[in-house]
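Novice: In UniProt numbering, the protein residues as written are 2 to 553.
C-beta: ideal position from N, C-alpha, C; glycine also.
Since this is a predicted model, take the numbers as computed values, not measurements.
Before I ask anything, let me first share the structure, which is written out below as structure tokens.
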Amino acid sequence: MRRVRANAILILTVAWILGTFYYLWQDSKAFSSSQLKKSASGRLEERTLPLIVTHAPNGEQAGQLLGLFDEKAFLASKQLKAGQDPYREHAFNLQESDRLGSERAIRDTRHYRCASVLFDPDLPPTSIIITFHNEARSTLLRTIKSVLTRSPAHLIQEIILVDDFSSGPEDCRLLSQIPKVRCLRNERREGLIRSRVRGASAASASILTFLDSHCEVNTDWLQPMIQRVKEDHTRVVSPIIDVISLDNFAYLAASADLRGGFDWSLHFKWEQIPIEQKMARNDPTQPIRTPVIAGGIFVMDKGWFNHLGQYDTHMDIWGGENFELSFRVWMCGGSLEILPCSRVGHVFRKRHPYDFPEGNALTYIKNTRRAAEVWMDDYKQYYYSARPSAQGKAFGSIADRLTLRRKLNCNSFRWYLENVYPELKIPEQEAPYSLLKQNSLCLESHGTDSLGLAECKSVPSIPASQKWTLIEPLIHQNDLCLAITAFTAGSKVRLDPCNSKESKQKWRPRGPALQHMISGLCLDSQPPSGPPVIAQCRPQMSSQSWEPQLIT
Ligand code: UD2
Ligand code: MN
């Protein structure tokens with residue numbers, strides 16, 4: 002009897018140990034597979050996990066979902082004609098999109114741990130807002146159907162389409178036949194910003210969800226976002242945006258280690274999460290704080306959206322609104338995050354398939370100028386330095402938005418930089434020019450090969466050949482730098498293309514003298530006739546004294 006019991010305990014122990022090993026193996030497999038294997042775009046990730054595939058519903062369910070809407074007729078009437086360029090109209094391969102039809106199974110691209118995250122049973126419903134301008138029928142319908150099939154029905158209060166004055170009114174009219182879908186058509190082209198405001202104002206749910214018109218939502222995409230907003234209405238949340246190939250419409254997982262960032266020209270970019278934050282992340286289901294959102298796909302409490310001033314409706318067509326919203330949310334008491342357990346695919350394109358009545362560049366400048374002028378305080382100077390073409394371009398009145406900022410009592414842009422985006426470095430102040438004086442003479446270049454001394458000129462007639470910029474360890478003249486020609490005393494100096502790693506170009510001050518760091522020799526003008534060389538350092542000698550005099 003005792004032996005039987007001992008055997009049973011042994012078997013249970015072995016089973017427990019094996020089970021533990023299996024669990025740990027699964028875990029490490031998932032982690033290693035989620036380590037980045039980047040594609041050219043830097044965002045794609047390859048996974049080898051056995052992933053759950055999200056299936057399209059069966060025909061009967063789909064029929065019920067669409068009500069009286071005649072999907073076949075809708076798709077058939079606007080297909081690509083033989084011989085037509087499939088990229089021309091939409092900047093993606095229309096033929097492939099049409100071939101896929103209105104729904105398809107896609108890979109569940111989430112980390113496997115996301116499947117076991119629990120949500121409140123009483124999450125509030127949301128209004129989905131999709132604005133479109135001449136969207137392809139197959140992509141638009143797939144967006145709508147993926148929402149209907151991959152979201153818990155009770156969470157979708159309605160889908161509000163805003164047709165931004167597409168060429169014909171038909172799409173809007175026909176799609177309204179789908180249960181839960183409403184379509185509002187603009188009477189003139191408004192752009193996506195005013196269109197979204199129109200859609201949001203018509204929404205009846207307390208939570209707003211914005212989507213582009215060429216998306217496919219993935220398994221359980223909605224619950225994580227509504228949960229976070231329900232817990233704290235000041236959070237504005239977005240999913241990881243997966244990539245739908247514009248060529249073959251393959252659904253590709255994006256990296257889960259990215260957040261939204263930008264440079265001083267207000268150009269959006271995906272960037273790696275800072276290393277300290279990455280190290281601190283031990284739970285891959287946790288939100289990622291992001292300085293800005295890409296703009297198209299996010300969930301926000303409707304009351305908070307209205308309280309914060311919706312959007313700047315003087316922005317036109319496309320662009321810049323994501324910065325304006327992001328700055329406003331952070332600076333006025335909210336937060337922005339990316340939720341890795343929510344995944345939505347989007348067709349990223351290389352060009353805009355539609356026209357900009359005022360031109361693409363001017364519109365982007367107008368919109369980003371408005372964002373910079375209202376939200377960036379004195380830091381807007383860096384925007385103008387990075388985008389000099391923005392200076393002097395019209396951007397309309399911003400009085401209302403400045404009043405809004407005051408009324409909301411928002412933090413400064415400095416606060417935003419210090420607390421939200423410390424990684425955005427302030428551009429180095431342009432170093433001032435100096436003369437390098439030796440009594441009444443100045444160091445002067447004559448082309449790249451020879452240097453000499455000449456009478457110092459004064460403002461405003463100082464020639465470029467006498468202007469030097471001292472940024473240790475380099476002595477610049479524009480993008481050329483003072484370099485020795487050999488490491489021995491008596492060697493001439495010349496100008497070479499600047500390279501801070503080049504040992505021949507490294508100098509440091511030694512008293513009034515300029516010492517070459519590696520050879521230890523000093524710049525010497527070799528009176529009476531030059532040319533300057535490097536010589537044994539004797540800083541007290543006037544031929545080695547170089548007095549920098551700032552040119553103001
Ligand atoms: C990204 C955003 C997009 C928007 C934009 C900056 C994602 C996935 N997309 O560009 O939502 O924030 O950055 O402004 O983050 N549209 C109109 N009227 C117009 C022009 C466009 O309704 O005059 C619609 C268009 O059909 C689409 C949406 O607005 O549904 C966004 O336009 P996009 O897809 O050309 O922008 P995208 O993805 O390049
Ligand atoms: Mn888009």
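Rounded to the nearest angstrom, what separates Phe-166 and Met-377 at their Cα positions?
Specialist: Counting from 1 along the sequence shown, the entry for residue 166 is found at position 165. Counting from 1 along the sequence shown, the entry for residue 377 is found at position 376. Distance between the alpha carbons of Phe-166 and Met-377: 33 Å.
Novice: Using a Cβ-Cβ cut-off of 8 Å (strictly less than) and excluding sequence neighbours within five positions of Asp-243, which residues of its own chain qualify?
Specialist: The count along the sequence shown starts at 1 and reaches residue 243 at position 242. So the list reads Thr-110, Asn-219, Tyr-252, Leu-253, Ala-254, Ala-255, Arg-344, Val-345, Gly-346 and His-347, once near-sequence residues are dropped.
Novice: In three-state DSSP terms, what is Leu-247?
Specialist: Taking the sequence shown and counting its residues from 1, the one referred to as residue 247 is at position 246. If DSSP states are grouped into helix, strand and coil, Leu-247 belongs with coil.
Novice: Under a criterion of Cβ closer than 6 Å to any non-hydrogen atom of ligand 2, which residues qualify, in chain order?
Specialist: Result: Asp-213, His-215, Gly-297 and His-347.
Novice: Kindly examine ligand 1 and report whether one of its heavy atoms sits closer than 7 Å to the Cβ of Trp-319.
Specialist: Along the sequence shown, one-based indexing puts residue 319 at 318. Yes, the beta carbon of Trp-319 sits closer than 7 Å to at least one heavy atom of ligand 1.
Novice: Roughly how many angstroms lie between the CA atoms of Ser-177 and Gly-68, to the nearest whole one?
Specialist: Here residue 177 is taken as the residue at index 176 of the sequence shown, counted from 1. Here residue 68 is taken as the residue at index 67 of the sequence shown, counted from 1. Taking the straight line joining both Cα atoms gives about 10 Å.
Novice: List, from N- to C-terminal side, the beta strand (DSSP E) runs of 3 residues or more that fit wholly inside the stretch 395-442.
Specialist: Runs found: 435-439.
Novice: So is the beta-carbon of Leu-142 under 7 Å away from any non-hydrogen atom of ligand 1?
Specialist: As a first step, residue 142 is located in the sequence shown; it is residue number 141 there, counting from the start. No, the beta carbon of Leu-142 sits no closer than 7 Å to any heavy atom of ligand 1.
Novice: Pairs of beta-carbons, one from the stretch 84-96 and one from the stretch 187-202, closer than 8 Å: are there three or more?
Specialist: At 8 Å Cβ cutoff, the stretches do not touch.
Novice: So does Tyr-355 have its beta carbon nearer than 7 Å to some heavy atom of ligand 1?
Specialist: Counting from 1 along the sequence shown, the entry for residue 355 is found at position 354. Yes.
Novice: Quick check on the burial criterion: 16 or more other C-beta atoms within 10 angstroms. Buried or exposed for Asp-213?
Specialist: Counting from 1 along the sequence shown, the entry for residue 213 is found at position 212. Buried, since its Cβ has 16 or more Cβ neighbours within 10 Å.
Novice: Where does the unbroken alpha helix (DSSP H) through Met-280 begin, and where does it stop?
Specialist: For this step, residue 280 is matched to residue 279 along the sequence shown. Note, Met-280: alpha helix (DSSP H), 276-281.
Novice: Is Ser-196 near ligand 3, going by C-beta to nearest heavy atom under 7 Å?
Specialist: Inclusion of ligand 3 in the displayed structure is not the case, the ligand content consisting of ligand 1 and ligand 2 alone.
Novice: Please look up how many angstroms separate the CB atoms of Phe-299 and Phe-211, rounded, as I've assumed it's under 8 Å.
Specialist: Numbered from 1 along the sequence shown, position 298 holds the residue referred to as residue 299. Numbered from 1 along the sequence shown, position 210 holds the residue referred to as residue 211. Phe-299 to Phe-211, Cβ: 6 Å. Contact.
Novice: Put Ser-35 into one of helix, strand or coil per three-state DSSP.
Specialist: The residue labelled residue 35 in the question sits at position 34 within the sequence shown. Since pLDDT at Ser-35 reaches only 32, below the 50 mark, its modelled position is unreliable, and the value read off the structure follows with that caveat. If DSSP states are grouped into helix, strand and coil, Ser-35 belongs with the helices.
Novice: Looking at Arg-282 and ligand 1, is the gap between the Cβ and the nearest heavy atom below 7 Å?
Specialist: Position 281 of the sequence shown holds residue 282. Checking the Cβ of Arg-282 against ligand 1 gives no.
Novice: DSSP on Leu-551, reduced to helix/strand/coil?
Specialist: The count along the sequence shown starts at 1 and reaches residue 551 at position 550. Residue state, collapsed to three classes: strand.
Novice: Measure the beta-carbon distance from Ala-391 to Arg-370 and round it to whole angstroms, keeping in mind my assumption that it falls under 8 Å.
Specialist: Within the sequence shown, numbered from 1, the residue matching residue 391 stands at position 390. Within the sequence shown, numbered from 1, the residue matching residue 370 stands at position 369. Right, the Cβ-Cβ distance comes to about 5 Å (below 8 Å), so this counts as a contact.
Novice: Please go through the same chain and pick out, in chain order, the residues whose beta-carbon is closer than 7 Å to the beta-carbon of Tyr-422, but skip the five residues on each side of it.
Specialist: In the sequence shown, residue 422 corresponds to position 421, counting from 1. Within the same chain, Tyr-422 has close Cβ partners Pro-292.
Novice: Should Gly-192 be listed as close to ligand 1, given that the test is whether its C-beta is under 7 Å from any heavy atom?
Specialist: Mapped onto the sequence shown, residue 192 falls at position 191. Indeed, a heavy atom of ligand 1 lies less than 7 Å from the Cβ.
Novice: Is Pro-513 near Trp-547, with beta carbons less than 8 Å apart?
Specialist: By 1-based counting over the sequence shown, the position of residue 513 is 512. By 1-based counting over the sequence shown, the position of residue 547 is 546. Their beta carbons are under 8 Å apart, which means Pro-513 touches Trp-547 by this criterion.
Novice: Where does the unbroken alpha helix (DSSP H) through Gly-200 begin, and where does it stop?
Specialist: Position 199 of the sequence shown, counting from 1, holds the residue named residue 200. Note, Gly-200: alpha helix (DSSP H), 193-203.
Novice: Let me know the alpha helix (DSSP H) ranges lying completely inside the stretch 308-352, each 4 residues or longer, listed in chain order.
Specialist: Whole alpha helix (DSSP H) segments, 4+ residues: 322-332.
Novice: Which stretch, first to last residue, makes up the beta strand (DSSP E) that contains Val-460?
Specialist: Counting from 1 along the sequence shown, the entry for residue 460 is found at position 459. Unbroken run through Val-460: none, as it is neither H nor E.
Novice: Under the three-state reduction of DSSP, which class applies to Trp-376: helix, strand or coil?
Specialist: Residue numbering aside, residue 376 sits at position 375 when the sequence shown is read from its first letter. Three-state result, Trp-376: helix.
Novice: What is the rounded straight-line gap between the Cα of Trp-305 and the Cα of Thr-132?
Specialist: Taking the sequence shown and counting its residues from 1, the one referred to as residue 305 is at position 304. Taking the sequence shown and counting its residues from 1, the one referred to as residue 132 is at position 131. Going from the Cα of Trp-305 to the Cα of Thr-132 covers about 20 Å.
Novice: Just list the alpha helix (DSSP H) runs in the stretch 222-270, keeping only unbroken ones of 4 residues or longer that don't cross its boundaries, in chain order.
Specialist: If we require 4 residues or more, the alpha helix (DSSP H) runs fully inside the stretch 222-270 come out as 223-232.
Novice: Taking the continuous alpha helix (DSSP H) assigned at His-503, which residues delimit it?
Specialist: For the purposes of this step, residue 503 is taken as residue 502 along the sequence shown, with counting starting at 1. The amino acid at residue 503 is misidentified as His; the sequence shows Glu. Looking at the DSSP string, Glu-503 is not in any alpha helix (DSSP H), and its letter there is neither H nor E.
Novice: Let me check understanding here. Comparing Cα to Cα, which of Ile-160, Glu-159, Asp-221 and Ser-78 lies closest to Arg-114?
Specialist: Residue mapping note: residue 114 aligns to position 113 of the sequence shown, counting from 1. With distances taken between Cα atoms, Arg-114 lies closest to Asp-221.
Novice: Between Phe-250 and Glu-72, which are expected to be in contact by the criterion C-beta below 8 Å, what is the C-beta distance as a whole number of angstroms?
Specialist: Taking the sequence shown and counting its residues from 1, the one referred to as residue 250 is at position 249. Taking the sequence shown and counting its residues from 1, the one referred to as residue 72 is at position 71. Not a contact, Cβ separation roughly 18 Å.
Novice: Is Glu-217 near ligand 1 - that is, is its Cβ less than 7 Å away from at least one heavy atom of it?
Specialist: On the sequence shown, position 216 is the one that residue 217 refers to. Because no heavy atom of ligand 1 lies under 7 Å away, the Cβ of Glu-217 does not count as near it: no.
Novice: Assign Leu-175 to one of three DSSP states: helix, strand, or coil.
Specialist: Locating residue 175 in the sequence shown gives position 174, counting from the first residue. Here Leu-175 sits in helix by DSSP.
Novice: Taking the straight line between their C-alpha atoms, what separation do you get for Ala-257 and Leu-481?
Specialist: Here residue 257 refers to the residue found at position 256 of the sequence shown. Here residue 481 refers to the residue found at position 480 of the sequence shown. Spanning the two alpha carbons is a distance of roughly 42 Å.
Novice: Is His-91 near ligand 1, with its Cβ less than 7 Å from a heavy atom?
Specialist: Taking the first residue of the sequence shown as position 1, residue 91 is located at position 90. His-91 Cβ: outside cutoff for every heavy atom of ligand 1.
Novice: For Val-293, write down the residues that DSSP places opposite it in a beta bridge.
Specialist: Stepping through the sequence shown from its first residue, residue 293 is reached at position 292. BP columns for Val-293 point to Gly-261.
Novice: Whose C-beta lies closer than 6 Å to the C-beta of Gly-297 among residues of the same chain, with five residues either side of it excluded?
Specialist: Reading the sequence shown from its first residue, position 296 is the one you call residue 297. Counting only Cβ-Cβ distances below 6 Å, and skipping sequence neighbours, we find Asp-213.
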